[in-house]
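Asks: To start, I am sharing the structure in question, which I have written as structure tokens.
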Amino acid sequence: MNRRPQIEGSLFGGDNSSDFKVDVDSYISDGRFFTEAINQSKRLPTNYVGNKKRIVIEIMRFLQQEKVEFENVFDAFSGSGVVSVFMALLKKRVTSNDLLTSSALQISCLLEGKASPLSQSEWYAILDRVPKRDYAHFSKENYLVKPKLFTPDEADFLDRYRANVADLFGDTFWCGQPFNGGYNLITYADRKPLDVAEVIRGHPKANYALYAMLKHLNDVCFVGGRFYSGQTLAQLEHRLDHSRNHGHELHKTFLKTVKKLWFPRIEYPAGGGFSLFNSDIMELLKSGALPVGGDLLYLDPPYGGDSSDYASLYRYLEEFVHGKKLEDPSLQVVKTAGDRFKEKNGYDEQFSELLALCGHYKHWLISFNASSFSGLEGITEIIKRFRSQVVVYEVPIKYKYREERKLSTDREYLLLART
Ligand SMILES: C[S@@+](CC[C@H](N)C(=O)[O-])C[C@H]1O[C@@H](n2cnc3c(N)ncnc32)[C@H](O)[C@@H]1O
């Protein structure tokens, strides 16, 4: 396979500037930090399915309209992390959670709010060296035929990359779990989920290195159109033929992604920071690990319509991070907890169970859309079983990755319920 892909110029310089200007909708201009938060969050790298990048401004507009005051927010299904990052930029105290490790890992690097800690020579070392160990050929063994995601060189590149990250930055990368070890993030030493933010800081380089690869895979392999084998990553030939790739294999363009890595700049108050969990939301809420007395809870679960099976959508990314198939018994929780909100059938029960666990949050802000498990009335009715005051805000939005593009379904709703 190719050794270090050749690119022009230096890897670094000029990437983390905030000279990017966008038109900020003038109807909200409350805080000192608002314009900066909008400008920075527009730069956030995300093509995450169901991400709320386009509506963070509407979220704030709605909260202002309803005079919701809050200092802390729990983003319980944080996905790409855009809402968490936006709130952190607004100087709110953020707690974030997502079931997928691949998502939580990306959020951890974004919420850190700093540039990547890897030097140019460290990036080149990850790409150039031959791993010390007899490394696992996970991508090669599983993704060369049916589903065919990679060329043999690409699969080798991915497997070596992962092994080199482990060799160079330690055999644990996150939450103190073995790099090739089991799914332990809910970390039930004593059935208490760990706030992984602290632990991640112990392994920053490995996390940023994995972040870069996850971002690269999302950028070059998720080319839109119909999902392939239920995954966002496109079938090999389709991806290579796509105008985004011009036939280039993914290792040839990796350094371009590294060069363009950008992270928001977040200043946390002294002693402050963020908390991050990587857990099934039900288990987390039951665990007692979350701070009591939260101001704002943001619920953006999979809607139970199309594209709601996130474990399948992001299967390869999750498997890359863990180094094993989702079918491995140690990853069973990703499948089972991922099933909770993936289809209409049984959604009502799961959603009610979820709300029943959230009583201690003063405000609930809930996202849904018109093709969710139930219509707006049905969803409101469920929420009203728990809280009598529900305000609905309608956000018109166009979906990129959905089949239903009819106007009647192009609606995103925000529902606010107070104690
Ligand atoms: C609609 S997306 C959230 C999008 C996010 N608000 C954003 O702006 O990117 C739903 C998220 O819920 C996560 N999820 C699914 N089932 C879950 C569960 N049982 N516990 C926690 N997170 C879950 C998925 O991994 C996915 O990232």
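If you count the sequence shown from 1, position 381 lands on 364 in my numbering, and the numbers rise without skipping.
Where is the CB? At the ideal position from N, CA and C, for every residue including glycine.
Taking the CB atoms as reference points, tell me whether D331 and I365 lie closer together than 8 Å.
Replies: In the sequence shown, the residue the question calls residue 331 occupies position 348. In the sequence shown, the residue the question calls residue 365 occupies position 382. Yes, the Cβ-Cβ distance between D331 and I365 is below 8 Å.
Asks: Would you mind reading off the limits of the alpha helix (DSSP H) that contains N190?
Replies: Taking the sequence shown and counting its residues from 1, the one referred to as residue 190 is at position 207. Run containing N190: P187 to C204, per the alpha helix (DSSP H) assignment.
Asks: Note down the Cα distance separating T402 from P284, rounded to an integer number of angstroms.
Replies: Looking up residue 402 in the sequence shown gives position 419. Looking up residue 284 in the sequence shown gives position 301. Rounded to whole angstroms, T402 to P284 spans 21 Å at the Cα level.
Asks: What first and last residue would you give for the beta strand (DSSP E) that runs through A400?
Replies: For the purposes of this step, residue 400 is taken as the residue at position 417 of the sequence shown. Here the beta strand (DSSP E) through A400 covers R394 to R401.
Asks: Would R222 be called buried (16 or more neighbouring beta carbons within 10 Å of its own) or exposed?
Replies: For the purposes of this step, residue 222 is taken as the residue at position 239 of the sequence shown. Under this definition R222 is a buried residue.
Asks: Provide the residue span of the beta strand (DSSP E) that contains L348, from first to last.
Replies: Residue 348 sits at position 365 when you count from the first residue of the sequence shown. Segment H346 to N352, the beta strand (DSSP E) holding L348.
Asks: Between the stretch 91 to 103 and the stretch 62 to 70, do three or more beta carbon pairs fall short of 8 Å?
Replies: With the cut-off at 8 Å, the stretch 91 to 103 and the stretch 62 to 70 touch.
Asks: Is H346 buried or exposed, if buried means 16 or more other CB atoms sit within 10 Å of its CB?
Replies: Start at 1 with the first residue of the sequence shown, and residue 346 comes out as number 363. So H346 ends up on the buried side.
Asks: If you drop the 5 nearest sequence neighbours on each side, which residues of the same chain put their C-beta closer than 6 Å to that of A294?
Replies: On the sequence shown, residue 294 is found 311 positions in, with the first residue counted as 1. Excluding residues within five positions, the ones whose Cβ falls inside 6 Å are V317, K318 and G321.
Asks: Taking DSSP's pairing of strands, which residues face D58 in a bridge?
Replies: Working through the sequence shown from its first residue, we reach residue 58 at position 75. BP columns for D58 point to S79 and Y281.
Asks: Quick check on the DSSP output: the alpha helix (DSSP H) that includes F237 runs from which residue to which?
Replies: Working through the sequence shown from its first residue, we reach residue 237 at position 254. That run of the alpha helix (DSSP H) goes F237 to K243.
Asks: Between which two residues does the beta strand (DSSP E) harbouring S258 extend?
Replies: One-based indexing of the sequence shown puts residue 258 at position 275. S258 -> beta strand (DSSP E) spans F257 to F260.
Asks: Just to check my reading of the structure: F246 and H199 have Cβ atoms closer than 8 Å, yes? What is that Cβ distance to the nearest angstrom?
Replies: As a first step, residue 246 is located in the sequence shown; it is residue number 263 there, counting from the start. As a first step, residue 199 is located in the sequence shown; it is residue number 216 there, counting from the start. That pair is no contact at about 15 Å.
Asks: Going by C-alpha distance, which of V32, S61, Y194 and G329 is nearest A98?
Replies: Taking the sequence shown and counting its residues from 1, one reaches residue 98 at position 115. Selected option, being the one with the closest Cα: Y194.
Asks: Check the DSSP bridge columns for Y376 and list the partner residues they point to.
Replies: Translated into the one-based positions of the sequence shown, residue 376 becomes position 393. Beta-bridge pairing links Y376 to L397.
Asks: Where do the N-terminal and C-terminal ends of the alpha helix (DSSP H) with A320 fall, by residue?
Replies: The residue you call residue 320 lines up with position 337 of the sequence shown. Here the alpha helix (DSSP H) through A320 covers Q315 to G321.
Asks: Could you tell me how far apart the beta carbons of M265 and L340 are, in whole angstroms, since I believe they sit closer than 8 Å?
Replies: Sequence index remark: in the sequence shown, residue 265 carries index 282 (1-based). Sequence index remark: in the sequence shown, residue 340 carries index 357 (1-based). Their Cβ separation, rounded to whole angstroms, is 7 Å, which keeps M265 and L340 in contact under 8 Å.
Asks: Using CA atoms only, rank isn't needed, just tell me which of A59, G33 and L73 is closest to R248.
Replies: Counted from its first residue, the sequence shown places residue 248 at position 265. If we check each option's Cα against that of R248, L73 comes out closest.
Asks: Do I249 and ligand 1 come close, with the Cβ less than 7 Å from some heavy atom?
Replies: Indexing the sequence shown from 1 puts residue 249 at position 266. No, the Cβ of I249 stays beyond 7 Å of every heavy atom of ligand 1.
Asks: Tell me whether the beta-carbon of F53 lies closer than 8 Å to the beta-carbon of D263.
Replies: Numbered from 1 along the sequence shown, position 70 holds the residue referred to as residue 53. Numbered from 1 along the sequence shown, position 280 holds the residue referred to as residue 263. Taking 8 Å as the Cβ cut-off, F53 and D263 do not qualify as a contacting pair.
Asks: Please confirm whether any heavy atom of ligand 1 lies closer than 7 Å to the CB of D81.
Replies: To locate residue 81, count along the sequence shown from 1; it is residue 98. Answer for D81: yes, Cβ within range of ligand 1.
Asks: In whole angstroms, what is the alpha-carbon distance linking S86 and S61?
Replies: Along the sequence shown, read from residue 1 onward, the residue named residue 86 stands at position 103. Along the sequence shown, read from residue 1 onward, the residue named residue 61 stands at position 78. Distance between the alpha carbons of S86 and S61: 8 Å.
Asks: Measuring only from the beta carbon, is S354 closer than 7 Å to any heavy atom that is part of ligand 1?
Replies: Working through the sequence shown from its first residue, we reach residue 354 at position 371. No, since every heavy atom of ligand 1 falls outside the 7 Å radius drawn around the Cβ of S354.
Asks: Starting from Q47, trace the alpha helix (DSSP H) in both directions and tell me its first and last residue.
Replies: The residue you call residue 47 lines up with position 64 of the sequence shown. First-last of the alpha helix (DSSP H) with Q47: V39 to Q48.
Asks: Given this structure, state the Cα-to-Cα distance separating S79 from Y107, to the nearest angstrom.
Replies: On the sequence shown, position 96 is the one that residue 79 refers to. On the sequence shown, position 124 is the one that residue 107 refers to. Rounded to the nearest angstrom, the two C-alpha atoms are 32 Å apart.
Asks: So, is H305 buried or exposed, given that buried needs 16 or more other C-beta atoms within 10 angstroms?
Replies: By 1-based counting over the sequence shown, the position of residue 305 is 322. By the 10 Å Cβ count, H305 comes out buried.
Asks: Per DSSP, what are the beta-bridge partners of Y211 in this structure?
Replies: Here residue 211 corresponds to residue number 228 of the sequence shown, with the count starting at 1. Y211 is bridged to Q214.
Asks: Judging by CA-CA distance, which residue of E377, L398 and V203 is the nearest neighbour of T363?
Replies: Counting from 1 along the sequence shown, the entry for residue 363 is found at position 380. Nearest of E377, L398 and V203 to T363, Cα basis: L398.
Asks: Looking only at its own chain, which residues have a Cβ that is under 7 Å from the Cβ of R76, when we skip the five neighbours before and after it?
Replies: Numbered from 1 along the sequence shown, position 93 holds the residue referred to as residue 76. Same-chain partners within the cutoff: E54, N55 and G255.
Asks: Excluding the 5 residues flanking S63 on each side, which residues of the same chain have their C-beta closer than 6 Å to its C-beta?
Replies: Along the sequence shown, read from residue 1 onward, the residue named residue 63 stands at position 80. Here the set comprises T29, Y31 and N34.
Asks: Would you identify the three-state DSSP class for G361, choosing helix, strand or coil?
Replies: The residue labelled residue 361 in the question sits at position 378 within the sequence shown. In the structure shown, G361 sits in a helix (DSSP, three-state: H, G or I).
Asks: Under 7 Å: does the beta carbon of S86 sit that close to some heavy atom of ligand 1?
Replies: What you label residue 86 is simply residue 103 of the sequence shown in a count that begins at 1. Yes, since a heavy atom of ligand 1 falls inside the 7 Å radius drawn around the Cβ of S86.
Asks: Whose C-beta lies closer than 7 Å to the C-beta of I109 among residues of the same chain, with five residues either side of it excluded?
Replies: Position 126 of the sequence shown, counted from the first residue, corresponds to residue 109. Result list for I109: Y144, N147, V148, L151 and A192, in chain order.
Asks: Considering only the alpha carbon of each residue, which of E395, Y396, Y376 and R394 lies closest to E49?
Replies: On the sequence shown, residue 49 is found 66 positions in, with the first residue counted as 1. The shortest Cα separation from E49 among E395, Y396, Y376 and R394 belongs to Y376.
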